[in-house]
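Numbering-wise (numbering that gives the first Met the number 0), the sequence shown opens with residue 0 and increments by one.
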Amino acid sequence: MAASAGADENAPWLVAGLGNPGPEYAGNRHNVGFMVADLLAARLGGRFKRAARARAQVVEGRLGVPGVSSTRVVVAKPLSYMNLSGGPVTALRDFYKVPLERVVAVHDELDIDYGVLRLKLGGGDNGHNGLKSMTKAMGPAYHRVRFGIGRPPGRMQVADFVLKDFSSSERKELDYFVDRAADAVEALVTQGLERAQGSYNS
């Protein structure tokens, strides 16, 4: 069954890349959602602009094959800090009239090896503050594109690990993995969850 079953077929998808705003956070592991959102914006051929009624930046366009399977999409980056992501995403959902099952969070995931993707609908937040905020605001029944960053080495605290930049060895493959995550988002919104999982749940 396609992920959009039951949704208004004319409604857009809302893809929220999660991260922290500001140049000091730009290369952090916690900001991989922003990195994917930036690439999706480039694919849409647009530039982020400040949303009218939400603390977020947005780009609107269509993903997929024009005239065949293209889908209207709003790509967003909340301008709040990670633990307050729910407010801006909810405001955008309401403004664009997006059904909850067409909301997608793209985020880092500690319990998955680096670069591995997992797509799913609903579930817990697994301690992720961005998801915790979104779920508190909207409920859990939105899609997640989970980008593995692995666990911190040794005794490093989780908060320190996620707020550090990707290592030099990780950065060698980062562009490839971000590109693949953007592909996974595109497959999710144009083909549905099951087909996207079959292709990208590595």
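All residues carry an ideal CB built from backbone N, CA and C; glycine is no exception. All figures in this text were calculated on a predicted structure; none of them were measured in a lab.
Short Cβ contact (8 Å threshold) for R46 with V58: yes
Span separating the alpha-carbon of P11 from that of L38: 19 Å
Cα-Cα separation, R154 to G126: 18 Å
For M133 and R54, the rounded distance between their alpha carbons: 14 Å
For A15, three-class secondary structure by DSSP: strand
Whole-angstrom distance between S201 and G86, CA atom to CA atom: 32 Å
D124 - DSSP class collapsed to helix/strand/coil: coil
Beta-carbon proximity of L13 to V103, cut-off 8 Å: yes
Cutoff 7 Å; reference G114; Cβ partners in own chain excluding five residues on either side: G147, E172, F176
CA nearest to the CA of G149, picked from V188, L91, Q190, H106: H106
Among N9, A90, M81, Y199, the one whose alpha carbon lies nearest that of R179: Y199
DSSP three-state assignment for L62, whether helix, strand or coil: strand
Coarse secondary structure for G5, derived from DSSP in three states: Low confidence applies here, because G5 scores a pLDDT of 46, under 50, leaving its location unreliable; read the following figure in that light. It is coil, neither helix nor strand.
Buried versus exposed, by CB contacts within 10 Å (16 or more), G108: Checking the sequence shown, residue 108 turns out to be Glu, not Gly. By the neighbour-count rule (16 or more Cβ atoms within 10 Å), E108 is buried.
Own chain partners of N30 with C-beta closer than 7 Å, once the 5 adjacent residues on each side are dropped: G18, N19, Y24
CB of A136 within 8 Å of CB of T70, strictly: no
Backbone secondary structure at Q56 - three-state DSSP: strand
DSSP bridge partner residues for L118 (one or two, in chain order): V144
Helix, strand or coil at D112 according to DSSP, with G and I counted as helix: coil
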